[in-house]
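In what follows, a structure is listed as structure tokens, so that the remarks can point back to it.
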Amino acid sequence: MDSWLTGAALRRRFFRLRAGVALFLVVLALASTYAAWKVVTVRTREYVQDQAAETLAVQAEVLNGVLEKYRLIPPLLARQDEVALVFANLASRDYVRKIAGNLAEEIAGLSGARDVAFFSADGELLAAARDIFGDEPAGRAELMRAAQENRLGRTIALLKGKSRVYAFGSGIRRNGRLMGVVAVYVGFDAVERTWALSDNPIFVTDGGGTIFLSNRENWLLKPVSEIDARFSAERGRAQTHIDVMRDLPLMGWQLHVLGDRSRIVSAQSAAIGISLLIFLLVAVIAFFLIGRIEDRLRLRRRERAQALRLERAVRDRTRALSLANRNLSHEVEERKEAERELKRVQRELIQAAKLAGVGQMAAALSHEINQPLAAIETYAANTRKALTLGKGEIAEGNLDRITAMVARISELSGTLLAFSRKPATKSQPVAVQAALREALILIRPKADRAGVSIEVDPALGGVMVDAGRIRLSQVFVNLFSNAIDALDGRTDGLIRVQLKGIGEWVHIEVSDNGPGISPDVAGEVFEPFFTTRTGQGSGLGLSIVYNIMQDFGGGVRLLPNADGAVFELWLKPAE
Ligand code: ADP
-7 MDSWLTGAAL
3 RRRFFRLRAG
13 VALFLVVLAL
23 ASTYAAWKVV
33 TVRTREYVQD
43 QAAETLAVQA
53 EVLNGVLEKY
63 RLIPPLLARQ
73 DEVALVFANL
83 ASRDYVRKIA
93 GNLAEEIAGL
103 SGARDVAFFS
113 ADGELLAAAR
123 DIFGDEPAGR
133 AELMRAAQEN
143 RLGRTIALLK
153 GKSRVYAFGS
163 GIRRNGRLMG
173 VVAVYVGFDA
183 VERTWALSDN
193 PIFVTDGGGT
203 IFLSNRENWL
213 LKPVSEIDAR
223 FSAERGRAQT
233 HIDVMRDLPL
243 MGWQLHVLGD
253 RSRIVSAQSA
263 AIGISLLIFL
273 LVAVIAFFLI
283 GRIEDRLRLR
293 RRERAQALRL
303 ERAVRDRTRA
313 LSLANRNLSH
323 EVEERKEAER
333 ELKRVQRELI
343 QAAKLAGVGQ
353 MAAALSHEIN
363 QPLAAIETYA
373 ANTRKALTLG
383 KGEIAEGNLD
393 RITAMVARIS
403 ELSGTLLAFS
413 RKPATKSQPV
423 AVQAALREAL
433 ILIRPKADRA
443 GVSIEVDPAL
453 GGVMVDAGRI
463 RLSQVFVNLF
473 SNAIDALDGR
483 TDGLIRVQLK
493 GIGEWVHIEV
503 SDNGPGISPD
513 VAGEVFEPFF
523 TTRTGQGSGL
533 GLSIVYNIMQ
543 DFGGGVRLLP
553 NADGAVFELW
563 LKPAE
């Protein structure tokens, strides 16, 4: 069965399977129960019949044997001279009776017959061995008739009570004349005693259909038809026995043995019961197995469905992920591009801001150049005069001063030129002092004009950091420029640059004794375009400082709770 069926289809299919199996089992159970019933019926009937037949055969022999034994005794006795002598002198009847009585007793004793009797030719009972007869000796008429017809007499005889005997009689003839009759009576007590051992009813019917021998005492002397009905009624069922019968032609009798049919019935019910039980067991096993199979299929189906769901989820997720990945890498590319662009724009901005700063300082710087130039002019005129006056030492002194001023101008213009260049983007070892010197050359004219003095910590001499010289000067120029702006109008303005420590980092502080920065805006001063000097400031100075320090891998922060503004810088020491 397919494991990809839906749950409902699976259920339907198993319902059909169960119904089919149930129907099949019911039909099979009925058929085989019927077959078992049939076989058992036939077999048991055969068995019962066989048993009855066996009993019948044995009992028939017994009966035949008994009768056969006594049948020959009367003819033999009749031929005996001794017997004939008894009847020779019938005149003295008392004598005859005595002799006959003795003889009868003797014969009865020897043969085991129930009785032996002698009758005279006219039918008078002369003597009998035992007194078994009533007034009328049983079967006398028949015996006499047979003797007269010169044949062996035989008859059933009833005695007192229900006792039955069979009589054989033979005529005693001498010279063709019937002298008397000798009769031998056979009792059936022994036979009936044997039969009593059998469970099966056994009986003998005579030619008239009357039962006169049986192991059931109350059946005796009843017509067989009545017994049939009675026996059936007794068992409460119609036809409760199997009648096995045999003719005993010698006596014109029939010997019956009744096989008990209830054995067949109980065998039948046992067969039906066992067959149904077996099928019940088979059904239980079959349904159990079907249940197991269904469970297993259901489990397989669930597992498969789960696996499919998982597979689908993984596929969907993978697709979504790879899409996201593509988008992400695209975005990363864009970001990188944007970052590169930002860096480039930032560099441009820094450069522009630097140049703008230079522009702002232009007045001071040009003053710084114009002043020595004017002085040089004056010294040159004086020198000329001194030379015409022949005052060589004065001229020489003037020339020395002129040389010094030219040197100053060229240093300033050289620094300006270097500062205005586009800086390198890579970091390298830089002497902090060199950057400071450059910044001071550029800022001093502005500081001087504002009357602000700048103090540099001598400890900074020789300190090398990982940075760029031009960019580091720009940091200082911006910080100094801000401080000078804040100190404008003060006479005691002072800017300090101090080394605060060298370790993992080089810490440098740039402080001033100006008004400081209010805590309200402290968080924003490094933001681009943040300025409190509307109209004058661009708001880029500190943001550029921040970016340059980031580029160096260092940083800058505003120290809180300080008098004036204090900026702390940290840089990696150069190796
Ligand atoms: P700008 O100088 O063009 O205004 P900056 O980014 O350099 O822009 O400075 C931002 C603001 O920080 C200034 O407007 C100023 O209010 C404040 N500031 C910077 N340095 C100092 C300082 N040394 N003392 C007081 N305030 C300062």
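Counting along the sequence shown from 1, when you hit position 554 you're at 546 in this note's numbering, and nothing is skipped either side.
Don't be surprised by glycine CBs; every beta carbon is placed ideally from N, CA and C.
Practice prompt. State buried or exposed for H248, treating a residue as buried only when at least 16 other CB atoms are found within 10 Å of its CB.
Written response: Here the question's residue 248 lines up with position 256 in the sequence shown. The residue in question, H248, is buried, as its Cβ has 16 or more Cβ neighbours within 10 Å.
Q.
For D(-6) and F7, I'd like the C-alpha separation in whole angstroms.
A. As a first step, residue -6 must be located in the sequence shown, where it is residue number 2. As a first step, residue 7 must be located in the sequence shown, where it is residue number 15. Confidence in D(-6) is poor, its pLDDT being 47 and thus under 50, which makes the residue's placement too unreliable to answer from.
Taking the alpha-carbon positions, what's the S412 to R307 distance? In the sequence shown, the residue the question calls residue 412 occupies position 420. In the sequence shown, the residue the question calls residue 307 occupies position 315. Between S412 and R307, the C-alpha separation is close to 59 Å.
Rounded to whole angstroms, how far is the Cβ of A378 from the Cβ of A387, which I believe are closer than 8 Å? Indexing the sequence shown from 1 puts residue 378 at position 386. Indexing the sequence shown from 1 puts residue 387 at position 395. Contact flag correct, Cβ pair sits at about 4 Å.
Query raised in the report: Can you tell me the Cα-Cα spacing of K564 and E331, whole angstroms?
Result: Taking the sequence shown and counting its residues from 1, one reaches residue 564 at position 572. Taking the sequence shown and counting its residues from 1, one reaches residue 331 at position 339. Taking the straight line joining both Cα atoms gives about 24 Å.
Can you say whether G384 is buried or exposed, counting buried as having 16 or more other CB atoms within 10 angstroms of its CB? Counting from one through the sequence shown, the residue named residue 384 turns up at place 392. Classification for G384: exposed.
| query | Should M408 go down as buried or exposed, given a rule of 16 or more other Cβ atoms within 10 Å for buried? | reply | As a working mapping, residue 408 is identified with position 416 in the sequence shown. One detail in the question is off: residue 408 reads as Leu in this sequence, not Met. L408 should be labelled buried.
* Asked: Any heavy atom of ligand 3 within a distance shorter than 6 Å of the CB on G533?
  -> Annotation note on ligand 3: not contained in the displayed structure, which lists ligand 1 as its ligands.
Rounded straight-line distance, which links the Cα of Y87 to that of A70 | The count along the sequence shown starts at 1 and reaches residue 70 at position 78. The count along the sequence shown starts at 1 and reaches residue 87 at position 95. Looking at the two C-alpha atoms, the distance is approximately 19 Å.
message = Along the chain, where does the alpha helix (DSSP H) containing R3 start, and where does it finish?
response = The count along the sequence shown starts at 1 and reaches residue 3 at position 11. Per DSSP, R3 belongs to the alpha helix (DSSP H) from G(-1) to R63.
| 7 Å Cβ cutoff met for V455 and V424 | Start at 1 with the first residue of the sequence shown, and residue 455 comes out as number 463. Start at 1 with the first residue of the sequence shown, and residue 424 comes out as number 432. Cβ atoms of V455 and V424: closer than 7 Å.
### Query
What is the rounded straight-line gap between the Cα of G93 and the Cα of S190?
Along the sequence shown, one-based indexing puts residue 93 at 101. Along the sequence shown, one-based indexing puts residue 190 at 198. Their Cα atoms are separated by approximately 39 Å.
Inter-residue CB distance, G172 and L118 (contact presumed, cutoff 8 Å) | As a first step, residue 172 is located in the sequence shown; it is residue number 180 there, counting from the start. As a first step, residue 118 is located in the sequence shown; it is residue number 126 there, counting from the start. G172 to L118, Cβ: 7 Å. Contact.
Can you have a look at R525 and say buried or exposed, based on whether 16 or more other CB atoms are within 10 angstroms of its CB?
-> To locate residue 525, count along the sequence shown from 1; it is residue 533. Classification of R525: exposed, given that the 10 Å Cβ count is below 16.
Practice item. Can you say whether R57 is buried or exposed, counting buried as having 16 or more other CB atoms within 10 angstroms of its CB? Key: If you number the sequence shown from 1, residue 57 lands on position 65. A small fix is needed here, since residue 57 is Gly in this sequence, not Arg. Exposed, by the Cβ-count rule.
(Q) Is R549 near ligand 1 - that is, is its Cβ less than 6 Å away from at least one heavy atom of it? (A) Indexing the sequence shown from 1 puts residue 549 at position 557. No.
Original post:
Quick one, are the C-beta atoms of A451 and L491 less than 7 Å apart?
Top reply: For the purposes of this step, residue 451 is taken as the residue at position 459 of the sequence shown. For the purposes of this step, residue 491 is taken as the residue at position 499 of the sequence shown. Cβ atoms of A451 and L491: closer than 7 Å.
Please tell me whether T380 has its Cβ less than 7 Å away from any Cβ of chain B. In the structure shown, chain B cannot be found, because there is only a single protein chain.
Confirm the yes/no value for this check: CB of N474, any heavy atom of ligand 1, distance under 6 Å. Translated into the one-based positions of the sequence shown, residue 474 becomes position 482. Checking every heavy atom of ligand 1 against the Cβ of N474, one is found closer than 6 Å.
- Query: With 16 other CB atoms within 10 Å as the buried threshold, where does T197 fall?
  - Reply: Residue mapping note: residue 197 aligns to position 205 of the sequence shown, counting from 1. Under this definition T197 is a buried residue.
Own chain partners of V13 with C-beta closer than 6 Å, once the 5 adjacent residues on each side are dropped
Looking up residue 13 in the sequence shown gives position 21. Correct list, in chain order: A278.
Using the DSSP secondary-structure output, state which residues sit across from I433 in a beta bridge. Looking up residue 433 in the sequence shown gives position 441. Looking at the DSSP assignment, I433 forms no beta bridge with any residue, so it has no partner.
Is the region 351 to 364 touching the region 318 to 333 in the sense that three or more CB pairs, one from each, lie closer than 8 Å? no
Measure the beta-carbon distance from F271 to L9 and round it to whole angstroms, keeping in mind my assumption that it falls under 8 Å. Your numbering for residue 271 matches position 279 in the sequence shown. Your numbering for residue 9 matches position 17 in the sequence shown. Between L9 and F271 the Cβ distance is about 18 Å, and since that is not below 8 Å, they are no contact.
Consider the C-beta atom of G529 and the heavy atoms of ligand 1; say whether any pair is separated by less than 6 Å.
On the sequence shown, position 537 is the one that residue 529 refers to. Yes, Cβ of G529 sits closer than 6 Å to a heavy atom of ligand 1.
### Message
Between E209, L341, G265 and L300, which has its C-alpha nearest L22's C-alpha?
### Response
Within the sequence shown, numbered from 1, the residue matching residue 22 stands at position 30. Looking at the Cα atoms, G265 is the closest of the given residues.
Would you kindly report the start and end of the unbroken alpha helix (DSSP H) that includes P364?
To locate residue 364, count along the sequence shown from 1; it is residue 372. It spans S254 to T380 - the alpha helix (DSSP H) in which P364 sits, taken as one unbroken run.
key: Inter-stretch contact at 8 Å, needing at least 3 Cβ pairs: the region 500 to 512 / the region 537 to 556   = yes
Touching or not, the region 27 to 38 and the region 253 to 262, by the rule of three or more beta carbon pairs under 8 Å?
yes
Taking the beta strand (DSSP E) that F559 falls in, what are its first and last residues? In the sequence shown, the residue the question calls residue 559 occupies position 567. Here the beta strand (DSSP E) through F559 covers V558 to L563.
Check: What does DSSP give as the partner residues of G533 in its beta bridges?
Finding: What you label residue 533 is simply residue 541 of the sequence shown in a count that begins at 1. The partner list for G533 (beta bridge, DSSP) is empty, contrary to what the question assumes.
For M136 and R89, what's the separation of their Cα atoms in angstroms? By 1-based counting over the sequence shown, the position of residue 136 is 144. By 1-based counting over the sequence shown, the position of residue 89 is 97. Their backbone Cα atoms lie some 19 Å apart in a straight line.
Fill in: For L150, the first and last residue of its enclosing beta strand (DSSP E)
Within the sequence shown, residue 150 is the residue found at index 158, counting from 1. Start and end: G145 to L150.
Looking at the secondary structure, which residues open and close the beta strand (DSSP E) in which P421 lies? Residue 421 sits at position 429 when you count from the first residue of the sequence shown. Note, P421: beta strand (DSSP E), Q420 to A423.
- Return the CA-CA distance between R5 and Q41, expressed in angstroms with no decimal places. On the sequence shown, residue 5 is found 13 positions in, with the first residue counted as 1. On the sequence shown, residue 41 is found 49 positions in, with the first residue counted as 1. Cα-Cα distance, rounded: 52 Å.
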